[in-house]
Every structure is written in C-alpha cells, then in structure tokens.
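Residue numbers (our numbering): 211 to 536. We treat Cβ as the ideally placed atom computed from N, Cα and C, and that holds for glycine. Just below is one structure, and these are the notes that go with it.
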C-alpha cells in the first residue's frame, strides 16, 4: 500500500529544534546549516529530495536531534559569546543524539524494574546517558527530561569524537591559522577529519583499531583511549553535581554497548559516587543488562540503542496531529 509517511532522524536545521513536517522552509533551514554540519546535512537533503520524488503524497517528517534537549534550562544552554551573536544568529547549546538519549530516558526505568533494581520513580530518576560511538555525547536526565548535554552548537563539540576534535580552546585554530598559515577550510577539515581519537592515536577513529594498536604497544593509541575515557568520566562527574546525585548510569551506542573495556575504564575510580562495576558481569554481557555489582548504590546498565522507534513514534504522532487525528 501507499506510505503514510516517512520519518528522518535529522540533525539540525536553522530555525528548527523539534520535529517538523518537511516543507521548503525546513529544506532551507537544512541548507543554511551546512556550514556547521557539512557531512550530515547534504546527505539528509539528498534523502529528503529522493523521497519527495518517490512518494510525493507521503508526508516527510524530520525529527531533529536537538528535539530532546529543548528542556535544557537557559543557564545550561548559554554560551559565553556576545549577545548580538545570540540575538542575530541563535548561538547557544542545542545538543545532539536526541533520539538516542530520549530512548535511554524512556527505557532505563523499565529496564531497572525488569532487573529487580529498586530506584527512584521514573518521574524523579537522575540518570546520565552515555551515547558512545563514532560520535559521542552525554546527557544529564532528570525525570525523563534533558537538563544538560555535552555537545553544544555543533556536533564537533563535547567529548572526543572518532575524527572530530570535541571541546577545545577556541584560540587553538586561530593560532594555527597564523602560525602554520592554514586556511579556514584547512583548519575545518583537520578538526573534522583528522582530530579526536584519530588525531591522538594515529590509528584512525575506529575504537577497535585503536584498541588493537594500544595492545600492540602504541603509546599514542593508549593516550587516545585514556583521554577519551577521562573526558567521559569527567562529564559524568559534572552531571552528578548538576543533578544533585545519581540514580543510574546508562551506556548505549557502538562503544557503550560493545566495549566492556571502555565501560570499566570510565567507571573506575567512581566508587565515591556509588558506582561499582562487576568485572565478570561487565565482561560477559551481551546486549542489554546490568554491569554494576549487586551492592553498587548506583546501578550501571547497558541499553541497546533504538533511535528508529523514537523517530517512528514521533513521525506517526506529528502526522496524526497534522491530519487532526490527535
């Protein structure tokens, strides 16, 4: 039969932070933000145009990755830039991986109950969601709502990414443009494609390759792993302070779900926060479940990513609203 609609896990478009039925204004917003999402937005634009041709009568819905983070309070979203930048260009922290963090927020309370772990009710749960993969971000979640997240205005920010720099002193690229006579395009390319884990390790941005190199004796690869794990650990600690305590930590994404070594390294030394990982349980887990010790005051779980169901539900909801059925 005919398609009722098509949902897209889009990243970011100028003027849009939630989800939207795609029209030419949305397409223009995606075009406008190609400079900050040069890898992502052109692909989304091409896909949206393709479905416009293939199924012209089916509504297309863009579920933006910024959507879940609309609840972040102003003091957490504000960046230290001139007010005219905020007023004229909407510069602020938006955050990304929203579909993933939203699913973790929805799934974790149920998973804890299924595991027989008694914690705060879902409406009060203080949770840190760690989406770790080729790109990584963390989210502080209180009562199912995002109150802070590690990525800011662009997906190049936050903790180290596979090939992207993450947070850094903004004067480093300015200095390199002068000291090494680099052009703006050269700096942009370096910080997107030859930075992050790849830049430090010299072994590329894939965690499996970096682990292999570290095991083979590469000091640079070991430094990349240590720097990455430290950054995630530090962010969890900051969010514990922002939340006023922790009720759970959830790992998701390719690294979060599959790298027992990364989970162990990140959680090591966080016993003072009530985090105790069971080494055998962590190493043996396949799929979803608990990796913390039974006596750990703060449970640590792995949640299998399911961004698709979040996008599907929001697509169905928005189409129903547009048709006056909800």
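*asked:* Please report the distance separating the alpha-carbon of residue 534 from that of residue 528.
replied: The residue you call residue 534 lines up with position 324 of the chain shown. The residue you call residue 528 lines up with position 318 of the chain shown. So the two alpha carbons sit approximately 10 Å from each other.
*One or two residues paired with residue 337 in a DSSP bridge*: Counted from its first residue, the chain shown places residue 337 at position 127. Assignment of beta-bridge partners to residue 337 by DSSP yields 351 and 458.
*By how many angstroms is the C-alpha of residue 258 removed from the C-alpha of residue 252?*
Position 42 of the chain shown, counted from the first residue, corresponds to residue 252. Position 48 of the chain shown, counted from the first residue, corresponds to residue 258. Going from the Cα of residue 252 to the Cα of residue 258 covers about 10 Å.
*Given residue 401, which residues of its chain have a CB within under 6 Å of its CB, disregarding the five upstream and five downstream residues?*
Taking the chain shown and counting its residues from 1, the one referred to as residue 401 is at position 191. Contacts found: 375.
*Per-residue DSSP class, three states only, for residue 397*: Taking the chain shown and counting its residues from 1, one reaches residue 397 at position 187. Three-state result, residue 397: helix.
*DSSP state of residue 261 mapped onto helix, strand, coil*: Locating residue 261 in the chain shown gives position 51, counting from the first residue. Three-state DSSP puts residue 261 in a helix.
_I believe residue 458 touches residue 335 by the beta-carbon criterion, under 8 Å. Please report the beta-carbon distance rounded to the nearest angstrom._
Sequence index remark: in the chain shown, residue 458 carries index 248 (1-based). Sequence index remark: in the chain shown, residue 335 carries index 125 (1-based). With a Cβ gap of about 7 Å, residue 458 and residue 335 count as contacting.
*Going by other Cβ atoms of all chains shown within 10 Å of its Cβ, with 16 needed for buried, is residue 219 buried or exposed?*
Your numbering for residue 219 matches position 9 in the chain shown. That one is buried.
_Classification of residue 248 by the beta-carbon crowding that lies within 10 angstroms, buried from 16 upward_ = Along the chain shown, one-based indexing puts residue 248 at 38. Per the 10 Å Cβ criterion, exposed.
*Can the beta-carbon of residue 271 be found less than 8 Å from the beta-carbon of residue 232?*
Sequence index remark: in the chain shown, residue 271 carries index 61 (1-based). Sequence index remark: in the chain shown, residue 232 carries index 22 (1-based). Yes. Within cutoff.
*Over what stretch of residues does the alpha helix (DSSP H) that includes residue 217 continue unbroken?*
The count along the chain shown starts at 1 and reaches residue 217 at position 7. Residue 217 -> not in any alpha helix (DSSP H); beta strand (DSSP E) instead, spanning 216-220.
*At what residue ranges does the stretch 460-527 contain a whole run of the beta strand (DSSP E), taking only runs of 3 or more?*
510-512
*If we ignore side chains and look at the alpha-carbon of each, how far apart do residue 526 and residue 518 end up?*
The residue you call residue 526 lines up with position 316 of the chain shown. The residue you call residue 518 lines up with position 308 of the chain shown. Distance between the alpha carbons of residue 526 and residue 518 is about 12 Å.
_What does the alpha-carbon distance come out to for the pair residue 394 and residue 243?_
Your numbering for residue 394 matches position 184 in the chain shown. Your numbering for residue 243 matches position 33 in the chain shown. Computed Cα separation, rounded: 17 Å.
*Please name the residue, chosen from 291, 358, 223 and 278, that lies closest to residue 454 on a Cα-to-Cα basis.*
Position 244 of the chain shown holds residue 454. Among 291, 358, 223 and 278, the Cα nearest to that of residue 454 belongs to 358.
*Answer yes or no: do residue 306 and residue 378 have a C-beta to C-beta separation smaller than 8 Å?*
Here residue 306 refers to the residue found at position 96 when the chain shown is read from its first residue. Here residue 378 refers to the residue found at position 168 when the chain shown is read from its first residue. Not a contact, by the Cβ cut-off of 8 Å.
*Short Cβ contact (8 Å threshold) for residue 437 with residue 341*: Here the question's residue 437 lines up with position 227 in the chain shown. Here the question's residue 341 lines up with position 131 in the chain shown. Against a cut-off of 8 Å, the Cβ pair of residue 341 and residue 437 comes out as no contact.
*Step through the CB atoms of chain D and report whether any lies within less than 8 Å of the CB of residue 476.*
Of the protein chains in the structure, only one exists, and it is not chain D.
*How about residue 386 and residue 369: do their beta carbons lie closer than 8 Å?*
Taking the first residue of the chain shown as 1, we reach residue 386 at position 176. Taking the first residue of the chain shown as 1, we reach residue 369 at position 159. For residue 386 and residue 369, no; Cβs fall outside 8 Å.
*When burial is assigned at 16 or more other CB atoms within 10 Å of the CB, is residue 427 buried or exposed?*
Within the chain shown, the letter at position 217 stands for residue 427. With fewer than 16 other beta carbons inside 10 angstroms of its own, residue 427 counts as exposed.
*Using 7 Å as the cut-off, classify the Cβ of residue 428 as near or not near the heavy atoms of the ligand ADP, replying yes or no.*
With respect to small molecules bound, the structure shown includes none, and the ligand ADP cannot be examined in it.
_Residues sharing a beta bridge with residue 267, DSSP_ = For the purposes of this step, residue 267 is taken as residue 57 along the chain shown, with counting starting at 1. Residue 267 pairs with nothing; no bridge assigned.
*Helix or strand or just coil, what does DSSP make of residue 272?*
Translated into the one-based positions of the chain shown, residue 272 becomes position 62. Looking at residue 272 - three-state DSSP - the assignment turns out to be strand.
*Among 498, 470, 496 and 497, which one has its Cα closest to the Cα of residue 487?*
Counting from 1 along the chain shown, the entry for residue 487 is found at position 277. The candidate whose alpha carbon is nearest that of residue 487 is 470.
*residue 312: which of 269, 347, 297 and 356 sits nearest, CA to CA?*
To locate residue 312, count along the chain shown from 1; it is residue 102. Its Cα nearest to that of residue 312, the residue 356 stands out among 269, 347, 297 and 356.
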